[in-house]
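> Residue numbers (full-length UniProt numbering): 15 to 358.
Here it is, the structure, as structure tokens.
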Ligand code: ATP
Ligand code: MG
Ligand code: FE
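So this is what it looks like as structure tokens:
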């Protein structure tokens, strides 16, 4: 099916068009620059940006795909999870589009979209597979039986998301937002073993309850304390070493738990998604540990790892294939939508 997907859960207005597993267009307008001076996404600012960007982005996607809206078979949209005010804008646009075209509307789960998008780059997903989603807003380990119908959460962060930890540590170090790429670069010249920062939820007593959960707020606090102490003692903060040591703590836990989750779920394929999937250390450590464990990695190209519309279009095509029932025209958004609900 020819599906248009609309994504507006955070700070990217994304519109994608797919024909089955073939990507025809993926246009993204990001408001990230408008959030820089606040050091994080401001929901009101994001909503307003979506409102301005949505129609032009739909037009651009149609031009790129060389598709007329009348040819579209279905309209897919992110129903949650995400920022309520941001989701509402995409939802209103998608409903209007579906009604005007007389085509079915599918309200979909953003996290499932991060998984489905890999179909566009690497074809059908082996089942079951495990997905590690790491971004500014989420950090989860999922077991995927069928991306359209069967996703269960194995674990998630109990406090900060991995990308959020990067952004907060960058702020502590006086580096700009978003912190992920900046810390990644700063770490390149540093020693990852210079400082032993804590690995959240990996001591035996925590593993009993939180085998596949993550915690990054203790790590962030540990970095902040270390930097404070150094500054108080008049020692120059070794930026590269702190960045590399922090990054090692994040990536060590993410990769160890992801590989463990694959073993536990009986999966020999591990899929990565979210903005933090761009991280160089995460990629190298994963490659190493996955190879040791006989696990094949699936990492979509960077533009498909961050929030985009193609992921929602790809998931829409899978839901249509699976015979999913179109959503009600009075469908609402759900900021806390659980990942087990792929179609709303
Ligand atoms: P959502 O959580 O809904 O997916 P988001 O906008 O927070 O939305 P993305 O756009 O997928 O997430 O990714 C942005 C996050 O990824 C930021 O926290 C950013 O710091 C982080 N990030 C980007 N590049 C890197 C990198 N090379 N290393 C580590 N983190 C990175
Ligand atoms: Mg973003
Ligand atoms: Fe996302």
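For every residue, glycine included, the Cβ atom is placed at its ideal position computed from N, Cα and C.
Small disclaimer: the values here were computed from a predicted structure and weren't measured.
Exposed or buried, which one is residue 66 when buried takes at least 16 other CB atoms within 10 Å?
The sequence position of residue 66 within the chain shown is 52, counting from 1. Exposed.
> Leaving out five residues before and five after residue 180 in sequence, what residues of the same chain have Cβ atoms less than 6 Å from its Cβ?
Here residue 180 refers to the residue found at position 166 of the chain shown. Result list for residue 180: 193, 194 and 197, in chain order.
> Hey, quick one: how far does the beta strand (DSSP E) through residue 26 stretch, first residue to last?
What you label residue 26 is simply residue 12 of the chain shown in a count that begins at 1. Per DSSP, residue 26 belongs to the beta strand (DSSP E) from 26-33.
> Is it a yes or a no for the stretch 175-189 touching the stretch 339-346, going by three-plus beta-carbon pairs under 8 Å?
Verdict: no, contact absent.
> Can you tell which of 61, 358, 286 and 153 has the C-alpha that lies nearest to the C-alpha of residue 136?
Residue mapping note: residue 136 aligns to position 122 of the chain shown, counting from 1. Nearest option by C-alpha distance: 286.
> Return the chain-ordered ranges of every beta strand (DSSP E) run that is complete within the stretch 167-196 and spans a minimum of 3 residues.
For the stretch 167-196, not a single whole beta strand (DSSP E) run of length 3 or above is found.
> Compare the C-alpha of residue 84 against each of 40, 264, 294 and 113 and name the closest.
Residue mapping note: residue 84 aligns to position 70 of the chain shown, counting from 1. Cα-wise, what sits closest to residue 84 is 113.
> Are there any heavy atoms of ligand 3 lying less than 7 Å away from the beta-carbon of residue 321, as far as the coordinates show?
Here the question's residue 321 lines up with position 307 in the chain shown. Yes, Cβ of residue 321 sits closer than 7 Å to a heavy atom of ligand 3.
> Can you round the beta-carbon distance between residue 60 and residue 97 to whole angstroms, since I take them to be within the 8 Å contact cut?
The residue given as residue 60 occupies position 46 in the chain shown. The residue given as residue 97 occupies position 83 in the chain shown. Residue 60 to residue 97, Cβ: 6 Å. Contact.
> At 4 residues or longer, what runs of the alpha helix (DSSP H) sit wholly inside the stretch 292-323?
The stretch 292-323 contains these whole alpha helix (DSSP H) runs: 294-307 and 316-319.
> Pull up the distance between the alpha-carbon of residue 28 and that of residue 289, whole angstroms please.
Position 14 of the chain shown, counted from the start, is the residue given in the question as residue 28. Position 275 of the chain shown, counted from the start, is the residue given in the question as residue 289. Distance between the alpha carbons of residue 28 and residue 289: 14 Å.
> Thinking C-alpha only, which one of 358, 351 and 331 is nearest residue 33?
Position 19 of the chain shown, counting from 1, holds the residue named residue 33. Comparing Cα positions, the closest option is 331.
> At 3 residues or longer, and completely inside the stretch 103-174: list those beta strand (DSSP E) runs for me, N to C.
Runs of the beta strand (DSSP E) inside the stretch 103-174: 119-123, 143-148, 153-160 and 164-170.
> What are the boundary residues of the alpha helix (DSSP H) that residue 44 is part of?
Taking the chain shown and counting its residues from 1, one reaches residue 44 at position 30. Taken as a continuous stretch (DSSP letters only), residue 44 belongs to no alpha helix (DSSP H), being part of the beta strand (DSSP E) at 36-44.
> Thinking residue 93 and residue 105 are a contact (beta carbons under 8 Å), I'd like their distance in whole angstroms, please.
Reading the chain shown from its first residue, position 79 is the one you call residue 93. Reading the chain shown from its first residue, position 91 is the one you call residue 105. So it is a contact: roughly 7 Å between Cβ atoms.
> Count the CB pairs spanning the stretch 198-210 and the stretch 219-228 that are closer than 8 Å, and state whether there are at least three.
No: fewer than three Cβ pairs fall under 8 Å.
> Under 7 Å: does the beta carbon of residue 150 sit that close to some heavy atom of ligand 2?
As a first step, residue 150 is located in the chain shown; it is residue number 136 there, counting from the start. Yes, the beta carbon of residue 150 sits closer than 7 Å to at least one heavy atom of ligand 2.
> Let me check you understand the geometry: is the CB of residue 49 closer than 7 Å to at least one non-hydrogen atom of ligand 3?
Residue mapping note: residue 49 aligns to position 35 of the chain shown, counting from 1. Checking the Cβ of residue 49 against ligand 3 gives no.
> Is residue 209 helix, strand or coil when you go by DSSP?
As a working note, residue 209 is residue 195 in the chain shown. Coil at residue 209, not helix or strand.
> Report buried or exposed for residue 206, applying the criterion of at least 16 other Cβ atoms within 10 angstroms of its Cβ.
For the purposes of this step, residue 206 is taken as the residue at position 192 of the chain shown. Buried, by the Cβ-count rule.
> Straight-line CA distance for residue 329 to residue 299?
Here residue 329 is taken as the residue at index 315 of the chain shown, counted from 1. Here residue 299 is taken as the residue at index 285 of the chain shown, counted from 1. Approximately 29 Å between the Cα atoms of the pair.
> From the DSSP output, in three-state form, read off residue 228 for me.
Residue 228 sits at position 214 when you count from the first residue of the chain shown. It is a strand residue.
> Drop a sphere of 10 angstroms on the beta-carbon of residue 243, count the other beta-carbons inside from all chains shown, and report buried for 16 or more, exposed for fewer.
For the purposes of this step, residue 243 is taken as the residue at position 229 of the chain shown. Looking at its Cβ environment, which holds fewer than 16 other Cβ atoms inside 10 Å, residue 243 is exposed.
> Considering only the alpha carbon of each residue, which of 246, 352, 35 and 30 lies closest to residue 139?
The sequence position of residue 139 within the chain shown is 125, counting from 1. For residue 139, the nearest C-alpha among the options comes from 35.
> Let me check you understand the geometry: is the CB of residue 76 closer than 7 Å to at least one non-hydrogen atom of ligand 1?
Reading the chain shown from its first residue, position 62 is the one you call residue 76. Residue 76 Cβ: outside cutoff for every heavy atom of ligand 1.
> Can you give me the start and stop residues for the alpha helix (DSSP H) that residue 92 sits inside?
On the chain shown, position 78 is the one that residue 92 refers to. From DSSP, residue 92 is part of no alpha helix (DSSP H) but of the beta strand (DSSP E) over 88-94.
> Can you find a heavy atom of ligand 1 that lies under 7 Å from the Cβ of residue 289?
Start at 1 with the first residue of the chain shown, and residue 289 comes out as number 275. Because some heavy atom of ligand 1 lies under 7 Å away, the Cβ of residue 289 counts as near it: yes.
> Please report the straight-line C-alpha distance between residue 20 and residue 146, rounded to a whole angstrom.
One-based indexing of the chain shown puts residue 20 at position 6. One-based indexing of the chain shown puts residue 146 at position 132. Answer to the nearest angstrom: the Cα atoms are 23 Å apart.
> Once the 5 residues before and after residue 185 are set aside, which same chain residues still bring their CB inside 8 Å of it?
Working through the chain shown from its first residue, we reach residue 185 at position 171. Around residue 185: 53, 191 and 193.
> Heavy atom of ligand 1 less than 7 Å from the Cβ of residue 301, yes or no?
On the chain shown, position 287 is the one that residue 301 refers to. It does not: the Cβ of residue 301 is nowhere closer than 7 Å to a heavy atom of ligand 1.
> Could you tell me if residue 73 is buried or exposed, where buried requires 16 or more neighbouring beta carbons within 10 angstroms of its beta carbon?
Position 59 of the chain shown, counting from 1, holds the residue named residue 73. Residue 73 is exposed by the Cβ-count criterion.
> Could you give the first and the last residue of the continuous beta strand (DSSP E) run that contains residue 12?
Outside the modelled stretch of the chain, which goes from 15 to 358, sits residue 12, for which no answer is possible.
> List the whole-angstrom C-beta distance separating residue 159 from residue 142, where the pair is believed to meet the contact cut-off of C-beta under 8 Å.
Position 145 of the chain shown holds residue 159. Position 128 of the chain shown holds residue 142. 5 Å between Cβ atoms; contact.
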